[in-house]
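Using our numbering, the first residue of the sequence shown is number 1343, and each one after it goes up by one. In this text, a Cβ means the ideal position worked out from N, Cα and C, and glycines have one as well. Here the structure is laid out as C-alpha cells; the discussion comes afterwards.
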Amino acid sequence: MPRRVLQGVVVSDKNDKTVIVSVERRVMHPIYKKFIRRSKRYAAHDETNASKVGDTVMIQECRPLSKTKRWEVVSSAASQQA
C-alpha cells in the first residue's frame, strides 16, 4: 500500500527532531458552493533539524515514532532551491 505524501508549511520547530506542519486543503461548501480552506496540523519527524519556520516541506506517512508522530519529513523546498 503506498504511503500518503502531503505538502505543507512548517509552523513550529521548537522540539528536537520534530516539526509541526500545517497542511491546507480546499473544499467546496455544501450549501454556498464556494471553496473554503481547511487546515490540519501534523507532527513530523525531522532527523537533522533542517526545517525552519516558514519552510514548505513534503511529509510522508511512517510507522508511529511517538504518541503523536506518524509522519516524517521527506524533502524541504528550501533545500530543493539551493
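Among Val1352, Met1343, Arg1345 and Ala1419, the one whose alpha carbon lies nearest that of Lys1382: Taking the first residue of the sequence shown as position 1, residue 1382 is located at position 40. Ranking Val1352, Met1343, Arg1345 and Ala1419 by Cα distance to Lys1382 puts Val1352 first.
Using only alpha-carbon positions, find the residue among Asp1388, Ser1408 and Met1343 that is nearest to Ile1401. Counting from one through the sequence shown, the residue named residue 1401 turns up at place 59. Residue Asp1388 is the option with its Cα nearest to Ile1401.
Measuring alpha carbon to alpha carbon, tell me which of Thr1410, Lys1409 and Glu1403 ends up nearest Val1416. Here residue 1416 corresponds to residue number 74 of the sequence shown, with the count starting at 1. Among Thr1410, Lys1409 and Glu1403, the Cα nearest to that of Val1416 belongs to Glu1403.
Return the CA-CA distance between Asn1391 and Tyr1374, expressed in angstroms with no decimal places. Taking the first residue of the sequence shown as 1, we reach residue 1391 at position 49. Taking the first residue of the sequence shown as 1, we reach residue 1374 at position 32. Rounded to the nearest angstrom, the two C-alpha atoms are 42 Å apart.
Simplified DSSP assignment, three categories, for Ala1419: Against the sequence shown, residue 1419 aligns to sequence position 77. Helix, per DSSP.
Lys1382 - containing beta strand (DSSP E), residue span: Taking the sequence shown and counting its residues from 1, one reaches residue 1382 at position 40. Residues Phe1377 to His1387.
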